[in-house]
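Enquirer: My questions will all concern the structure given below.
Numbering (mature numbering (1 follows the signal peptide of the UniProt record, and there is no 0)), first residue to last: -24 to -1, 1 to 212.
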């Protein structure tokens, strides 16, 4: 039943389309006849032969490589022998003769005849002169000899450590360690001898005596020694 209604619907649609095309056709004009287009037959291609299976190619066998033959060593000709130059000794030095100047001509002395003797009158002796009486003068005392420069009565090596400490105290000042080192050595010396010993040791240490001696004199005061106010180190 469904197929029949479908068929009727298709039939009606076909008739309706034919009716519309008839109504739309212009019947007054004659129909134009066009010549039919020539029918072209498709070109005839021969059937392709069936593909043959690929031919089997055996693998190429490479010949083995030839054995390695090392190249023979190239023998280079030895370099030409060049004889070293023979150093000839220098010719002996011949000192040219020294031409000494001729000795100066010394004219022989001309001997003159001695002059004739002349008569010289003999003067008469002067009259004797009586010496004036000597008036004795009062005895003047002789000037005293200059004072002898003092010398250190002890070995200056004993003061070496003391002077080493003084050389390092130019900008610091005297401390307890310096007094403990120097005062026992200076204890058995008098004031002047202690000052002289310090001067001698400072010179032996090659220190600047102008800088160290003021500290040394202050050390003498700290150790109970008093050098003269105008004391100066003796010049040796």
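Here a beta-carbon is modelled for each residue, glycine too, at the ideal position from N, C-alpha and C.
How long is the line joining the alpha carbons of residue 55 and residue 63, rounded to whole angstroms?
Expert: On the chain shown, position 79 is the one that residue 55 refers to. On the chain shown, position 87 is the one that residue 63 refers to. If you take the alpha carbons of residue 55 and residue 63, they lie about 23 Å apart.
Enquirer: Any idea what DSSP makes of residue 175, helix, strand or coil?
Expert: By 1-based counting over the chain shown, the position of residue 175 is 199. DSSP places residue 175 in helix when its eight states are reduced to three.
Enquirer: Check residue 193 in the structure and name its three-state DSSP category.
Expert: Taking the chain shown and counting its residues from 1, the one referred to as residue 193 is at position 217. Of the three classes helix, strand and coil, the one that applies to residue 193 here is helix, per DSSP.
Enquirer: I believe residue 151 touches residue 183 by the beta-carbon criterion, under 8 Å. Please report the beta-carbon distance rounded to the nearest angstrom.
Expert: Translated into the one-based positions of the chain shown, residue 151 becomes position 175. Translated into the one-based positions of the chain shown, residue 183 becomes position 207. Actually they do not touch by this definition, with Cβ atoms about 18 Å apart.
Enquirer: Determine the DSSP secondary structure at residue -7, reduced to helix, strand or coil.
Expert: As a working mapping, residue -7 is identified with position 18 in the chain shown. Correct three-state label for residue -7: helix.
Enquirer: Nearest to residue 164 by alpha carbon, out of 134, 186, 175, 140?
Expert: Indexing the chain shown from 1 puts residue 164 at position 188. Answer by Cα proximity: 134.
Enquirer: Could you check if residue 166 is buried or exposed, using at least 16 other CB atoms within 10 Å of its CB as the buried criterion?
Expert: Mapped onto the chain shown, residue 166 falls at position 190. Residue 166 should be labelled exposed.
Enquirer: Is residue 141 closer than 9 Å to residue 132 when the C-beta atoms are compared?
Expert: As a working note, residue 132 is residue 156 in the chain shown. As a working note, residue 141 is residue 165 in the chain shown. Cβ distance not < 9 Å, so residue 132 and residue 141 don't count as in contact.
Enquirer: Check for me: the alpha helix (DSSP H) holding residue 142 runs from which residue to which?
Expert: Counting from one through the chain shown, the residue named residue 142 turns up at place 166. Run containing residue 142: 136 to 143, per the alpha helix (DSSP H) assignment.
Enquirer: Pick helix, strand or coil for residue 51, following the three-state DSSP scheme.
Expert: Working through the chain shown from its first residue, we reach residue 51 at position 75. Coil, per DSSP.
Enquirer: By DSSP, does residue 160 sit in helix, in strand, or in coil?
Expert: The residue labelled residue 160 in the question sits at position 184 within the chain shown. Of the three classes helix, strand and coil, the one that applies to residue 160 here is helix, per DSSP.
Enquirer: Could you tell me the alpha carbon to alpha carbon distance between residue 205 and residue 179, rounded to whole angstroms?
Expert: Reading the chain shown from its first residue, position 229 is the one you call residue 205. Reading the chain shown from its first residue, position 203 is the one you call residue 179. Their Cα atoms are separated by approximately 21 Å.
Enquirer: Tell me whether residue 186 sits in a helix, a strand or coil according to DSSP, three-state version.
Expert: Working through the chain shown from its first residue, we reach residue 186 at position 210. DSSP places residue 186 in helix when its eight states are reduced to three.
Enquirer: What's the gap between the Cα of residue 37 and the Cα of residue 57?
Expert: In the chain shown, counting from the first residue as 1, residue 37 sits at position 61. In the chain shown, counting from the first residue as 1, residue 57 sits at position 81. About 57 Å.
Enquirer: How many Å lie between residue 136 and residue 160 at the Cα?
Expert: On the chain shown, residue 136 is found 160 positions in, with the first residue counted as 1. On the chain shown, residue 160 is found 184 positions in, with the first residue counted as 1. Whole-angstrom Cα-Cα distance: 13 Å.
Enquirer: At least one CB of chain B closer than 9 Å to the CB of residue 64: is that the case?
Expert: Protein chain content of the structure displayed is limited to a single chain, and chain B is not contained in it.
Enquirer: Give every residue of the same chain whose Cβ lies closer than 8 Å to the Cβ of residue 189, excluding the five residues on either side of it in the sequence, and list them in chain order.
Expert: In the chain shown, the residue the question calls residue 189 occupies position 213. Around residue 189: 174, 175, 178, 209.
Enquirer: What do you get for residue 191, buried or exposed, if any count of 16 or more other CB atoms within 10 angstroms of its CB means buried?
Expert: Here residue 191 is taken as the residue at index 215 of the chain shown, counted from 1. It counts as buried.
Enquirer: Is DSSP giving residue -14 helix, strand or coil here?
Expert: Against the chain shown, residue -14 aligns to sequence position 11. Three-state DSSP puts residue -14 in a helix.
Enquirer: Measure how close the beta-carbons of residue 203 and residue 193 come, nearest whole angstrom, since I'm counting them as under 8 Å.
Expert: Against the chain shown, residue 203 aligns to sequence position 227. Against the chain shown, residue 193 aligns to sequence position 217. Correct: roughly 6 Å between the Cβ atoms.
Enquirer: Run the CB neighbour count on residue 201, radius 10 Å, all protein chains shown included, and call it buried at 16 or more, exposed below.
Expert: Working through the chain shown from its first residue, we reach residue 201 at position 225. Looking at its Cβ environment, which holds 16 or more other Cβ atoms inside 10 Å, residue 201 is buried.
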